[in-house]
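Asker: Submitted below is the structure of interest, expressed as structure tokens.
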Amino acid sequence: MTFRRDVDATLLLITATLTCIGVVMVYSSSAIMAAERFNDGFYFLKRQLAYALTGCLLMIGAAYFKYQNWRKIAVFSLLASIVLLSLVFIPGLGVRVGGAMRWLRLPGLTLQPAELVKLALVLYLAHSLTRKKEKVRSLSKGYLPYMVVLGLLLGMLLKQPDLGSAMIIAGVALAMLIVAGVRWLYILPTILMTLPVLYFLVMQVDYRRRRIMAFLDPWDDPFDTGFQIIQSLVAFGKGGVLGQGLGIGEQKLFYLPEAHTDFIFSVIGEELGLIGVLVVAALFLLLVLCGIRVALLCQDPFGRNLAFGLSLLLGLEAFVNLAVCMGLLPTKGLALPFISYGGTSLVVSLVAVGILLNISHSVGSQT
Amino acid sequence: MGLDVKWIELPAVQRRFLFYSAAATLVFLLLLLRLWYLQVIHYEELQERSVKNRTRVLSLEAPRGPIYDRNGVLLVDNRPSFQISVMRQDVENRELLFDALSGLLGIEKAELEKRWDAGRGFPIYRPVPLATDVSREVMEKIQEHSVDLPGILTEVRPIRDYLDQGSTAHLVGYLGEITEEELARKDFAEYRAGDFVGKTALEKSYEDYLRGHKGKRLVEVDVQGKLLRQLQMETSSPGNKIFLTIDRELQRATDEAFGDQSGAAVAIDVHSGEILAMASRPTFDPALFAKGIGSDEWREMIHDKRHPLQNKVIAGQYPPGSTFKMIVALAALREGVAGEKRIVDCQGDFEVGGSRYRCWKKDGHGPTDLRKALRESCDVWFYQVGLELGIDKLSQAAREFGLGGLVGYPLPGERAGVIPSQEWKRKNFNKPWYAGETVIASIGQGFVLATPLQLAVMTAALANNGTVLKPQVIQKIEDWQGNVLFDSQPEIVRRIDYDPQAWKAVRDGLIAVVNAPRGTGHAARLDDITVAGKTGTSQVVRRKSDEEEEEEVNGDIPYRFRPHALFVAYAPAEKPDIAVAVVVEHGQSGGRAAGRSPKRLFSVTWN
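Residue numbers (the numbering used here), protein chains in the order written: chain A, 1 to 367; chain B, 1001 to 1607.
Right, dumping it as structure tokens:
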């Protein structure tokens, strides 16, 4: 019984710490901008707090919701999230921000359906892979149907366009298929076939090509395309080992765009230094390891697939965001789970942890 | 967190999980290496870069939309002005800086300190303005000395330029610095402290149309704050163009007719309700507000007894005097109280309820019919007919013509005037109505009050056979690329029905006022077109205490007790196009003082 309590407590503690760091850093990185734009320095803080509270309630709900029951609504939730994703393209419902239609305005709330799709896809894959058992090794009954579903989702995400989410979804889906036993024989050719498509997608769209070029050599055009990356690197450099101190950072003032969303990790780098950054990165690593351990010890195939998919989803998102901020990957426009400002991402991440907690609990009661 | 299970014993699925755990840990180590590289090894290099990183985001002001007259003549535009600001984070010694700057700008050191402090709430990287609209010479001197003035910036800012010397100041309104209360409001979300916004009239009501969208410039500067190069730019887009219904030539003529007298005049198109000219005197110079008005100048303006800031066309309420008689005449004809041929014998005074009411002509007009009563403005005829008509019928007729209520001026500040009735008096004074009050109301005195705009709308309705029109001031709004956003359409408030005979009788009377021998409105007569009009002289209410205070000097009435002079007119009388109402405050006699203005206006129109 002590085992169960350990995992529960570790997971919960990591999540709570990350969410708290998020709330503090959202305030630190947005206060001045918010004071100027909305005349209310607490503008983003208040909202992030509200999202965090909502997310925590839903997380507790998910932790008490028997995870096997997710199987009953897995297909439905995927379909529902696809519908929401398609609503983004309807003028009046979809909100265009900086050329991309990623938000959905419903009465009373604004949603980012791509975040919901990620969770729904993991639920669906865990359910479906469990149901098919050994059939996943077949091409026509196992592999191809998944590729159709995945292809549809990726197509819609690229239409928004949201290349970052598309890559996360593809990565998580492929990893779940491999763990479930789909043969490399099918997966490798698929990856090879998509490479030219990916190349075309990137090079065809001017802003993506420029981002890639800027990523390869930011100092080549330091004031235009390389600007974000350089400012992000400068933020880390200014932070040094100990950081400038919470709230003292200057990069967020206007050098660093999206300081409270996509580049919040750079603000952490500047204000809390190497130490702060290491703590955050280590927390994410621990979160993933905890998740994988839940999967490893779960005897139920559905629970195992689900726990693996969820930990991978959170881990991959965190990794990509961290790598972008450190100049290891081209800029993508992805949120850092638990920390970046944004309601849908925070709530979905917390619900994912809630599901993990429930699986972990059932593992505990088995032993 | 050690996994105490033996690798060999694990099934394939679990081995895969272990593989992923190892992968995740590896990835983490990779990130760790990168961080070490950035924050420890390259710390100094990046640190140095951040010091050199003197990029700055400058906001590009969007030029405010220009304002034109109806023919596209520019009335209000923008011109570049030089502003001296300080970047506080770059200042090392404030005392030294202000010593040098005070001489160059000709501004006291204490004043500079005050302006620096005014920017205390600004984010540290936002320049604080020290001097606005400085001359080119001063700007050049500052730039020459820029090495000794670290942190000082010269910025170019568009400022409102009033090409019509403020003749449309009351209509257009003025700008002022945005207040904290305004900044807090949602509709001002795009503004920052230090921005100028419309404070009154058109500039305020059409703020959304007039302001453009700001752009941004990302620039690199050296230690002195000197611009090295531009890195990125997002252009601003100017505000929309507003075309007024005003005709600048008519506006100028109306203005000039006042000389140094105060009062108000307004001319409207009788077909569309468009205001062609509106003058309120004395006026003010909106340019004073454009650069930020001093507190002394402001105090002087609001304490001026002649109220330069008030738009008297819409907010000045005057007893309409004899100009009101056209309403009494029409109502009497409609109600059958008196026909055109009704004769009243005027002996110079009139008695009712034990009080005597005088005609302006002491000796009386003798036997008088409607036409003569209008032409010579005989008061006794109207006392008699008004009394027979009764206040409630008179009040109803006046209200139909737009008096006693808002006529729908499209900008704020309009006042309703007063048209009394029995019920009105009961409500406001809790007293019954007296017959004597009907008598003086019949000559537009007593409780009756009207704005010049109401009188113009009334006159236009007489000229166009009873169509009461909503006054318009905006003809058209175009965006800066010429797309039309708004195009005004005439709006009819109501149509008033009168017998054609009744219209003709009153109009003939008004033609006689200006053109016939002994008419009171000769001053407005023109040779080539026929003007119809009505004069008015309205008593200014004196309180008893006032009379005791101020004695009449040399037979002259003190200025503030002199009666107001009024004139309403339309032309050409045969087929009217324009209606005018003029009030000259304390102008003594309607015919002479107020007649000049319509005359100038009509002669400018038809020359």
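Heads up, the beta-carbon is just placed ideally off N, CA and C, and yes, glycines get one too.
(1) What alpha helix (DSSP H) runs, 4 residues minimum, are completely inside the region 49-113 of chain A?
(2) Give the secondary structure of R1334 (chain B) by DSSP, where H, G and I count as helix, E and B as strand, and everything else as coil.
(3) If you reduce the DSSP assignment to three classes, tell me which class N305 (chain A) lands in.
(4) Are the CB atoms of I1242 (chain B) and Y1206 (chain B) nearer to each other than 8 Å?
(5) Taking its Cβ as the centre, do 16 or more other Cβ atoms sit within 10 Å of Q1475 (chain B), making it buried, or is it exposed?
(6) Would you call R1560 (chain B) buried or exposed, if buried means 16 or more other Cβ atoms sit within 10 Å of its Cβ?
(7) Count the other CB atoms within 10 Å of the CB of C325 (chain A); is the residue buried (16 or more) or exposed (fewer)?
(8) By DSSP's criteria, E1274 (chain B) is part of a beta bridge. Which residues make up the other side?
(9) Specify, as a first and last residue, the run of the beta strand (DSSP E) that A1267 (chain B) falls within.
(10) In chain order, what residues of the same chain lie with their CB nearer than 6 Å to the CB of E1548 (chain B), ignoring the 5 residues before and after it?
(11) Classify N1093 (chain B) as helix, strand or coil using the three-state DSSP reduction.
(12) Using the Cβ count rule (16 or more neighbours within 10 Å means buried), how would you classify G290 (chain A)?
(13) For a cutoff of 8 Å on Cβ pairs, would you count V320 (chain A) as touching chain B?
(14) Can you give me, in chain order, the residues of the region 1152-1174 of chain B that have a beta carbon less than 7 Å from any beta carbon in chain A?
(15) Per DSSP, what are the beta-bridge partners of Q1083 (chain B) in this structure?
(16) Name, in chain order, the residues that DSSP records as bridge partners for I1477 (chain B).
(17) Going by DSSP in three states, S1395 (chain B) sits in which element: helix, strand or coil?
(18) For chain A, check one thing: does any of its Cβ atoms lie closer than 8 Å to the Cβ of A1024 (chain B)?
(19) For L256 (chain A), which of helix, strand or coil comes out of DSSP?
(20) Could you confirm whether any beta carbon from chain D is found closer than 8 Å to the beta carbon of L285 (chain A)?
(21) If we ignore side chains and look at the alpha-carbon of each, how far apart do S232 (chain A) and A120 (chain A) end up?
(22) Using 8 Å as the cut-off, can you tell me whether the region 1385-1393 of chain B makes contact with the region 1436-1443 of chain B, which would need three or more C-beta pairs spanning the two stretches below that distance?
(23) Just to confirm my understanding: we take H260 (chain A), look at its own chain, exclude 5 residues before and 5 after, and list those with CB closer than 7 Å. What are they?
(24) Identify whether E1549 (chain B) lies in helix, strand or coil by the three-state DSSP scheme.
(25) Determine the direct distance from the alpha carbon of F1324 (chain B) to that of D1285 (chain B), and round the result to whole angstroms.
(26) For D1342 (chain B), tell me which candidate among B:K1431, B:D1369, B:H1145 and B:R1358 has the shortest Cα-Cα distance.
(27) Among B:E1045, B:I1327 and B:E1111, which residue has its Cα nearest to the Cα of E1095 (chain B)?
(28) According to DSSP, is E1351 (chain B) helix, strand or coil?
(29) Going along chain A, which residues have a C-beta under 8 Å from H1303 (chain B)?
(30) Nearest chain B C-beta to G240 (chain A) closer than 8 Å, yes or no?
(31) Name the two residues that bound the continuous beta strand (DSSP E) containing P1367 (chain B).
(32) Tell me whether K1534 (chain B) sits in a helix, a strand or coil according to DSSP, three-state version.
(33) Could you check if L109 (chain A) is buried or exposed, using at least 16 other CB atoms within 10 Å of its CB as the buried criterion?
(34) Please confirm if R1034 (chain B) has its CB atom under 8 Å from at least one CB of chain A.
(35) Among B:H1213, B:S1280 and B:P1576, which residue has its Cα nearest to the Cα of P1452 (chain B)?
(36) Which residue marks the beginning of the beta strand (DSSP E) containing R1211 (chain B), and which one marks its end?
Answerer: Reading from the atomic positions:
(1) 70-87
(2) helix
(3) helix
(4) yes
(5) buried
(6) exposed
(7) buried
(8) B:Q1472
(9) G1263 to D1269
(10) Legend: pLDDT at E1548 (chain B) = 46, less than 50; position of this residue unreliable, no value from coordinates given.
(11) coil
(12) What sits at residue 290 (chain A) in the sequence shown is Cys, not Gly. Classification for C290 (chain A): buried.
(13) no
(14) none
(15) B:E1155
(16) B:I1242 and B:F1486
(17) helix
(18) yes
(19) coil
(20) Judged by its chain identifiers, the structure shown contains no chain D, and its protein chains are A and B.
(21) 32 Å
(22) yes
(23) V26, S29, S30, F44 and Y341
(24) Only weak support is given to the placement of E1549 (chain B): the predicted model assigns it a pLDDT of 47, under 50, and the value that follows is read from those uncertain coordinates. E1549 (chain B) falls in the helix class under three-state DSSP.
(25) 34 Å
(26) Looking at the sequence shown, residue 1342 (chain B) is not Asp but Arg. Checked all of B:K1431, B:D1369, B:H1145 and B:R1358; the closest Cα to R1342 (chain B) is B:D1369.
(27) B:E1111
(28) strand
(29) In chain order: nothing, as chain A lies at least about 34 Å away.
(30) yes
(31) G1366 to T1368
(32) strand
(33) exposed
(34) yes
(35) B:S1280
(36) From DSSP, R1211 (chain B) is part of no beta strand (DSSP E); its letter is neither H nor E.
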